[in-house]
Amino acid sequence: MRIHPVKEANAVLSETPNASGRPVIAVEKLRRSYGKVEAVRGVTFTIPEGCIWGLLGKNGAGKTSIIEMIEGIRRPDSGTITVHGLDPFRDAHRVRQLIGAQLQTIALPDRLRVEEIIKLFAAFYERTLPVQEILELVGLTHQHRTFFEHLSGGQKQRVALGLALVGNPKILFLDEPTAGLDAETRRNFHDLILKFRDQGRTIVLTTHYIEEAEKLCDQIGIVDQGKLCITGSPRELIQQLGEGERLEVTLRKPVTVEEMRRLIGKDVSIHGQGQKYSLRGASGSKMLAVIAVQADRQGNELLEAKIIHVTLEDVYLQFTGELKHASDPTLGPIEFPAFVPR
Amino acid sequence: MRAILLLVLSNFQLSYRVRISFFFGFIFPMLTAFAYFQIFARGNPVLVAQMMGPLLSLTMMTNALLVAGMRSAGMRERDMFRQYHLTPVRAIQLVVSDMIVGYLTCFPLLVVELAFGRYFYHAPLGGSYLAMGVLCSVAYFSLAGLGLLLSSIFDTAQEAAVVTQLLFFILIFLSGTTMPLGELPKALQHVAIFTPPSLFIVAMQGIVARGYGVLQMLPEMAALFLSGITAVIVTTLIFRWDKDEKVSQQNRIQASFALVPLLIIGIMFNTGSRATQWIQDLKGAVTTSSPSGR
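If you read the sequences in order, they're chains V and F. Mind the numbering: the first sequence is residues 1 to 342 in this note's numbering, read in order. Mind the numbering: the second sequence is residues 1001 to 1294 in this note's numbering, read in order.
In structure tokens, the structure reads:
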């Protein structure tokens, strides 16, 4: 299977001055409201060429609105957007020759076959990837004669990805591409996305799977309530939060937060109640040692303990204020020290 | 051009694969043709010739309003246009391809119906077949424009379906499709001449009964063509890619401009004697077997 290098693919690109790492998308003071709801509130960022740029946020945070405005399918109330130096509304036709986009949900005529759909959409672009290659890329070779209505949810997502790729795009927008997919399909999608990046494409990805963003993205922006809270590489974001570890403990007897504070000391942030606590500090092993000794002195006992390095999830939780996290959905908000975004 | 060709091809495939489209696009018109010629015209060749205009008009209305128009409304309702919106395809390409598909599925049917009447019932069809072909083409263009416009000016497919079907039934009775125009009350005859199917039936009468060609029928054909082109332009201008996008008051005002050519031509025809005279020719077509003019 031959993958066409993106830089060869589109003559328009040769006119654009973007070298690797230079911004291909620039968004400034972007605002959008739906009625009285301010969905996007003055968002500004740039996306460098050839990277996977992830937009992370809760449902309704404004991710899709931001992406759709960059794609040129939803008009902002104010602010400016440039894609390869072009305005996605004024130069809509040229911009859409450069981009490929996968929507969260795909709707197409039920009684068209996969191959027919890809061929149809290929007809809209000046330069395209061969249909057979698209089918191979998204793993639908065996389903090429299948009617769209007979495809599974994952296969429909693959069709959507195929349609995003068919114009051999320089920039690929993927809006929650793995939502609702099983683990294996999701892993395959991850491999595909990394492959696209390696081909020189810029990928803009929205997701609410933190581990997905951490695994795939070179740069991440966290959006909450229509505002972009922070941007940077996953490593940078974690470093800005402060290197450290989280200790999750289970005690035999319940203690109050004040009692836990007396056990562990002032420099540790505490979250939890009763028997289960999540503690965050500089060293997990030191916290563990302290709490084991102190609990024993006070007639309590440490039943279970787990040391976890600070992850992107912690950064995400800090900014979104989301109450739940993967390890224990019953946990409340983690009390991190005050943090000033760069 | 390639985009339009592929859009036409895929919509054409869909029209054969979707049962409801197949029924309204193929089965229903042929059943109607049989009913018109065998039951209403009682197999009388002269009456079959008189019935040709109303039958072809009904076939085109069914295809243009109930199939082409509703297909577009259905696609919007299911949010399919959003997928297209992400690509370089333009609204005009989608609108035009929709019309072409409708035309390609409808025109062969019209030919079959004409041939059915001419060769099976030996209907005396005067005038040139070229004129009939051109007239059918511009009439379809006008009706499909109307259908696509209607599908664009309502927020939901359900609303569009209700209004389209209402208009369909009004046009059936008002345009001379089921009742000869000449049998309508005088006031309604004046109203009828504003509608594309009536213009078509009147013009068809001119070709079939008077043996006129394209040049003689130019005013009616121009009227139909102008209304079609205006509808296409307006439909493209107010095209909505997103099902959640509501139709604005401004869009509805823009849509009303599509009716201007029909209004102007209707006034012209109402003030002249040409169309009204031909309507009178159609009077009693069903009850007598001696049509005037031939």
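Virtual Cβ for every residue (Gly too), placed ideally from N, Cα, C.
Inset, instruction - With a 10 Å radius around its C-beta and 16 neighbouring C-beta atoms as the bar for buried, classify MET1001/F as buried or exposed. - result: Taking the first residue of the second sequence as position 1, residue 1001/F is located at position 1. Burial call: exposed.
Legend entry - Residue-chain proximity (VAL340/V, chain F), Cβ-Cβ < 8 angstroms: Residue 340/V sits at position 340 when you count from the first residue of the first sequence. Confidence at VAL340/V is low in this model, with a pLDDT of 37, below 50, so its placement is unreliable and no value can be given for it.
Inset, instruction - Say whether the segment 134-152 of chain V touches the segment 79-90 of chain V, bearing in mind that this needs 3 or more beta-carbon pairs closer than 8 angstroms, one atom from each stretch. - result: Two segments are said to touch when three or more pairs of C-beta atoms, one from each, lie closer than 8 angstroms; by this definition the segment 134-152 of chain V does not touch the segment 79-90 of chain V.
Legend entry - Complete alpha helix (DSSP H) runs within the segment 102-128 of chain V (minimum length 4 residues, chain order): 114-122
Inset, instruction - Using only alpha-carbon positions, find the residue among MET1221/F, GLN1205/F, LEU1104/F and HIS1085/F that is nearest to LEU1014/F. - result: Walking along the second sequence from the start, residue 1014/F turns up at place 14. With distances taken between Cα atoms, LEU1014/F lies closest to LEU1104/F.
Legend entry - Which of helix, strand or coil DSSP assigns to LEU1259/F: To locate residue 1259/F, count along the second sequence from 1; it is residue 259. It is helical.
Legend entry - Host alpha helix (DSSP H) of CYS1106/F (start-end): Translated into the one-based positions of the second sequence, residue 1106/F becomes position 106. That run of the alpha helix (DSSP H) goes 1091-1115.
Legend entry - Other residues of its chain near SER1200/F: CB distance less than 6 angstroms, five sequence neighbours each side excluded: Position 200 of the second sequence, counted from the first residue, corresponds to residue 1200/F. Looking at the sequence itself, residue 1200/F is Phe, so the reference to Ser does not match. For PHE1200/F, where only same-chain residues beyond five positions count, the Cβ hits under 6 angstroms are SER1057 and ALA1139.
Inset, instruction - Put GLY154/V into one of helix, strand or coil per three-state DSSP. - result: Counted from its first residue, the first sequence places residue 154/V at position 154. Looking at GLY154/V - three-state DSSP - the assignment turns out to be helix.
Inset, instruction - Tell me TYR277/V's beta-bridge partners as DSSP assigns them. - result: Reading the first sequence from its first residue, position 277 is the one you call residue 277/V. Its beta-bridge partners are VAL249/V and GLY272/V.
Legend entry - Residue closest to PHE173/V, alpha-carbon to alpha-carbon, out of ILE308/V, VAL293/V, MET69/V and VAL315/V: As a working mapping, residue 173/V is identified with position 173 in the first sequence. If we check each option's Cα against that of PHE173/V, MET69/V comes out closest.
Inset, instruction - Could you tell me whether the Cβ atoms of THR311/V and PHE45/V are closer together than 8 angstroms? - result: Here residue 311/V refers to the residue found at position 311 when the first sequence is read from its first residue. Here residue 45/V refers to the residue found at position 45 when the first sequence is read from its first residue. Taking 8 angstroms as the cut-off, the Cβ atoms of THR311/V and PHE45/V do not count as close.
Inset, instruction - Would you please verify whether the beta carbon of HIS1122/F is less than 8 angstroms from any beta carbon of chain V? - result: Counted from its first residue, the second sequence places residue 1122/F at position 122. No, its Cβ sits nowhere closer than 8 angstroms to a Cβ of chain V.
Inset, instruction - Give me the Cβ distance between PHE1095/F and THR1236/F, rounded to the nearest whole Å; I'm assuming they're in contact under 8 angstroms. - result: The residue you call residue 1095/F lines up with position 95 of the second sequence. The residue you call residue 1236/F lines up with position 236 of the second sequence. According to the sequence as given, residue 1095/F is Val; it is not Phe. Contact holds; Cβ gap of about 5 angstroms.
Legend entry - Coil, strand or helix - VAL1048/F by DSSP: Within the second sequence, numbered from 1, the residue matching residue 1048/F stands at position 48. If DSSP states are grouped into helix, strand and coil, VAL1048/F belongs with the helices.
Inset, instruction - Give the straight-line distance between the Cα atoms of LEU279/V and GLU149/V, rounded to the nearest whole angstrom. - result: Against the first sequence, residue 279/V aligns to sequence position 279. Against the first sequence, residue 149/V aligns to sequence position 149. Each residue's alpha carbon lies about 50 angstroms from the other.
Inset, instruction - Could you give the DSSP three-state label for TYR1016/F: helix, strand or coil? - result: To locate residue 1016/F, count along the second sequence from 1; it is residue 16. Looking at TYR1016/F - three-state DSSP - the assignment turns out to be helix.
Inset, instruction - Indicate whether the contact test is met: 3 or more Cβ pairs, each with one atom in the segment 43-58 of chain V and one in the segment 216-231 of chain V, closer than 8 angstroms. - result: Judged by pairs of C-beta atoms under 8 angstroms, the segment 43-58 of chain V touches the segment 216-231 of chain V, as three or more such pairs exist.
Inset, instruction - Could you tell me whether any Cβ in chain F is nearer than 8 angstroms to the Cβ of GLU116/V? - result: Within the first sequence, the letter at position 116 stands for residue 116/V. Chain F contact via Cβ: present.
Inset, instruction - Taking ILE106/V as the query, report the chain F residues whose CB atoms sit under 7 angstroms from its CB, ordered along the chain. - result: Working through the first sequence from its first residue, we reach residue 106/V at position 106. Within 7 angstroms Cβ-Cβ: GLN1083.
Legend entry - Residue from HIS1190/F, ALA1073/F and THR1032/F with nearest C-alpha to GLN1158/F: The sequence position of residue 1158/F within the second sequence is 158, counting from 1. Of the listed residues, the one whose Cα sits closest to GLN1158/F is ALA1073/F.
Legend entry - For GLN273/V and THR256/V, the rounded distance between their alpha carbons: In the first sequence, residue 256/V corresponds to position 256, counting from 1. In the first sequence, residue 273/V corresponds to position 273, counting from 1. Going from the Cα of THR256/V to the Cα of GLN273/V covers about 6 angstroms.
Inset, instruction - Examine chain F for any beta-carbon lying closer than 8 angstroms to the beta-carbon of ILE73/V, and answer yes or no. - result: The residue you call residue 73/V lines up with position 73 of the first sequence. So yes, ILE73/V belongs to the interface.
Inset, instruction - Please list the partners that GLN96/V has in chain F, where partner means a Cβ-to-Cβ separation under 8 angstroms. - result: As a position in the first sequence, residue 96/V is number 96, starting the count at 1. In the sequence on display, residue 96/V carries Arg and not Gln. Those within 8 angstroms of ARG96/V in chain F are LEU1086, THR1087 and PRO1088.
Legend entry - Partner residues on chain F for PHE124/V, Cβ-Cβ distance less than 7 angstroms: Start at 1 with the first residue of the first sequence, and residue 124/V comes out as number 124. Within chain F, the residues near PHE124/V are ALA1003, THR1087, PRO1088 and VAL1089.
Legend entry - 8 angstroms Cβ shell around HIS190/V - same chain, five flanking residues per side excluded: If you number the first sequence from 1, residue 190/V lands on position 190. Excluding sequence neighbours, HIS190/V sits near THR178, GLU212, LYS215 and LEU216.
Legend entry - Limits of the unbroken beta strand (DSSP E) element including VAL37/V: The residue given as residue 37/V occupies position 37 in the first sequence. According to the DSSP assignment, VAL37/V belongs to the beta strand (DSSP E) that extends over 37-48.
Inset, instruction - Step through the CB atoms of chain F and report whether any lies within less than 8 angstroms of the CB of ARG111/V. - result: Numbered from its first residue, the first sequence carries residue 111/V at position 111. Taking Cβ atoms only, chain F reaches closer than 8 angstroms to ARG111/V, which makes this a yes.
Inset, instruction - Give the DSSP bridge partners of GLN298/V, in chain order. - result: Sequence index remark: in the first sequence, residue 298/V carries index 298 (1-based). In DSSP, GLN298/V forms no bridge with anything.
Inset, instruction - Report yes or no: is there a C-beta of chain F within less than 8 angstroms of the C-beta of HIS84/V? - result: Indexing the first sequence from 1 puts residue 84/V at position 84. Not one chain F Cβ lies under 8 angstroms of HIS84/V.
Legend entry - Alpha carbon of VAL24/V to alpha carbon of ARG127/V, nearest angstrom: As a working mapping, residue 24/V is identified with position 24 in the first sequence. As a working mapping, residue 127/V is identified with position 127 in the first sequence. For VAL24/V and ARG127/V, the distance between alpha carbons rounds to 20 angstroms.
Inset, instruction - Ignore the nearest five residues each way along the sequence and tell me which others in PRO254/V's own chain have a CB closer than 7 angstroms to its CB. - result: Taking the first residue of the first sequence as 1, we reach residue 254/V at position 254. Only GLY274 and GLN275 meet the Cβ criterion.
Legend entry - Residue closest to VAL249/V, alpha-carbon to alpha-carbon, out of VAL290/V, ARG297/V and CYS229/V: Along the first sequence, read from residue 1 onward, the residue named residue 249/V stands at position 249. Per the Cα distances, VAL290/V.
Inset, instruction - Compare the C-beta of MET1099/F against all C-beta atoms of chain V and say whether one is closer than 8 angstroms. - result: Translated into positions along the second sequence, residue 1099/F becomes position 99. It does not: the Cβ of MET1099/F has no partner Cβ on chain V nearer than 8 angstroms.
Legend entry - C-beta atoms of ARG41/V and ARG74/V nearer than 8 angstroms: As a first step, residue 41/V must be located in the first sequence, where it is residue number 41. As a first step, residue 74/V must be located in the first sequence, where it is residue number 74. The Cβ atoms of ARG41/V and ARG74/V lie no closer than 8 angstroms to each other.
Legend entry - Straight-line gap, LEU1224/F to HIS1085/F (C-alpha atoms, nearest Å): To locate residue 1224/F, count along the second sequence from 1; it is residue 224. To locate residue 1085/F, count along the second sequence from 1; it is residue 85. Distance between the alpha carbons of LEU1224/F and HIS1085/F is about 31 angstroms.
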